[in-house]
Amino acid sequence: MTDSMKAVVLARFGGADAFELRDVSVPRVEPRQVRVRVHASAINPLDYQIRRGDYADYVPLPAITGHDVSGVVEEVGSDVTEFRVGDEVYYTPRIFGGPGSYAEQHVADVDLVGRKPENVSHLEAASLTLVGGTVWEALVTRAQLTVGETILIHGGTGGVGTIAIQVAKAMGARVITTARPGNHEFVRSLGADEVIDSYSADYVDAVAELTGGRGVEVVFDTIGGDTLTRSPLTLADAGRVVSIVDIAQPQNLIEAWGVNAAYHFVFTRQNRGKLDALTTLVERGLVKPVIGATLPLARVGEAHGLLEDRGSYMLRGKVAIDVAGETVALPPRNS
Ligand SMILES: NC(=O)c1ccc[n+]([C@@H]2O[C@H](COP(=O)([O-])OP(=O)(O)OC[C@H]3O[C@@H](n4cnc5c(N)ncnc54)[C@H](OP(=O)(O)O)[C@@H]3O)[C@@H](O)[C@H]2O)c1
67 MTDSMKAVVL ARFGGADAFE LRDVSVPRVE PRQVRVRVHA SAINPLDYQI
117 RRGDYADYVP LPAITGHDVS GVVEEVGSDV TEFRVGDEVY YTPRIFGGPG
167 SYAEQHVADV DLVGRKPENV SHLEAASLTL VGGTVWEALV TRAQLTVGET
217 ILIHGGTGGV GTIAIQVAKA MGARVITTAR PGNHEFVRSL GADEVIDSYS
267 ADYVDAVAEL TGGRGVEVVF DTIGGDTLTR SPLTLADAGR VVSIVDIAQP
317 QNLIEAWGVN AAYHFVFTRQ NRGKLDALTT LVERGLVKPV IGATLPLARV
367 GEAHGLLEDR GSYMLRGKVA IDVAGETVAL PPRNS
């Protein structure tokens, strides 16, 4: 093992040019940790929010950021029994709890680490950890979506939305989602039963029409603002709203009260249990990670730009980072 590795370091808060590719020390392993050779990572909105300085109080600089890892175990701590050298694993590093994944090597607490699904690539596995864990927590743990219920998923083409559609279908739900016109067939291919145009249709009216005026049992909000405040208008009686976005506006509590709504606000937590569940779904062919663009480690800043400016592209699902290779695959621009 060499003592140094390449890492993309956030040197200051700012634009996509705030990153520097540096040689840094390989992190040391504590007794209940594993050291992983990172093959792939991915980009989340949280990453560019951190880069801009939205969470400056929680991220001392310089910092290695990044919240998805897929790779191979190279070293295990003295008290680790769950994994061995050579195992393929995937996980989300602890959020706001140490170095992230834009690096050739990463050390993680073993309790966060899951066995990578065998039937997908490292790029695909890395594209699943944070968004998949979030979806599991939102739909299974919190909303407790059940067979035969109808769910409205806002933002069906996003990193979270593409997985939410597939998990909801695997749970036996009827899925209504929102997407821009050129993506309607794409979200149907993931399993969506009905698609509402996210930019021209009024989703409240559209849901009323699609449900015969009854409303949906669950709303999954990945966008915020209007989609959160108007959620009660799309709910059936005693429906549930799960939101993973900032609460930018006060809730429409009168409407929520009127339909006996339950609200769940989720900030995802990392643990192996959720990853094990996702691995099962992926290996049974029920969930497939979606990658819309891939760039190598040295181009993390450019990868941030693609996700931040996703409205300018036909970007479906995740922007992946090929840490161990040089893959370049860019999304088409919107015409
Ligand atoms: N609380 C948590 O634990 C947690 C975890 C993960 C993510 N999040 C948050 O959840 C949000 C979504 O994450 P993500 O990874 O899915 O992001 P993403 O990959 O960038 O996807 C964003 C989605 O929102 C859609 N969208 C954006 N603006 C829209 C608008 N004005 N009207 C309609 N649709 C719009 C996009 O549609 P197009 O494809 O048409 O552009 C896309 O489907 C982010 O705010 C992220 O920070 C929170």
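Be aware that the sequence shown starts at 67, since it is given in the working numbering, and climbs by one per residue.
C-beta atoms are modelled at their ideal positions from N, C-alpha and C, and glycine is treated no differently.
When DSSP labels each residue in this structure, what does residue i get in the three-state scheme?
i      : result
GLU368 : helix
ILE387 : strand
TYR156 : strand
THR147 : coil
PHE331 : strand
GLN232 : helix
GLY351 : coil
ASP303 : strand
THR346 : helix
GLN115 : helix
SER107 : strand
HIS133 : coil
ARG254 : helix
SER401 : coil
TYR269 : helix
ASP287 : strand
LYS72  : strand
Is residue j closer than 9 Å to residue i when the C-beta atoms are compared?
i      : j      : result
GLU283 : GLY305 : yes
GLU148 : GLU184 : no
ALA169 : ARG160 : no
GLY214 : ARG240 : yes
VAL348 : LEU194 : yes
GLY383 : GLY358 : yes
Using only alpha-carbon positions, find the residue among the options that is nearest to residue i.
i      : options                           : result
GLY227 : GLU184, PRO183, ALA77 and VAL356  : VAL356
GLN210 : VAL270, TRP323, GLU141 and ALA328 : ALA328
ASP388 : LEU372, GLY324 and SER136         : SER136
VAL142 : ARG94, LYS182 and ALA122          : ARG94
ALA236 : LEU381, PHE252 and LEU344         : LEU344
ALA230 : ARG365, ALA390, LYS72 and VAL285  : VAL285
LYS72  : LEU396, GLY391 and ASP83          : GLY391
PRO398 : THR360, VAL125, GLN232 and LYS340 : THR360
VAL325 : LEU341, VAL261, ARG296 and ILE289 : ARG296
What does a CB cutoff of less than 7 Å around residue i pick up in its chain, not counting 5 residues either side in sequence?
i      : result
SER264 : THR244, ALA245 and ARG246
GLY166 : ILE130, THR131, GLY132, HIS133 and PRO159
VAL273 : LEU218, ILE242, GLY281, VAL282 and THR300
SER70  : ASP89, VAL90, SER91 and VAL92
Can residue i be considered in contact with ligand 1, in the sense that its beta carbon sits closer than 8 Å to one or more heavy atoms?
i      : result
PRO165 : no
GLY290 : yes
LYS72  : no
PHE286 : no
PHE162 : no
ILE387 : no
THR131 : no
THR200 : yes
Using C-beta distances below 8 Å, list every residue in its chain close to residue i, excluding the 5 sequence neighbours before and after it, in chain order.
i      : result
LEU127 : LEU76, ALA77, ARG78 and PHE79
GLN336 : TYR157, THR158, PRO159, ARG160, ILE161, LEU178 and GLY199
VAL332 : THR200, GLU203, ALA204, ARG208, VAL308, SER309 and ILE310
VAL151 : VAL139, GLU140, GLU141 and VAL142
ASP271 : none
Near residue i, which residues of its chain fall below 6 Å by C-beta distance, leaving aside the five closest residues on each side in sequence?
i      : result
SER144 : PRO97
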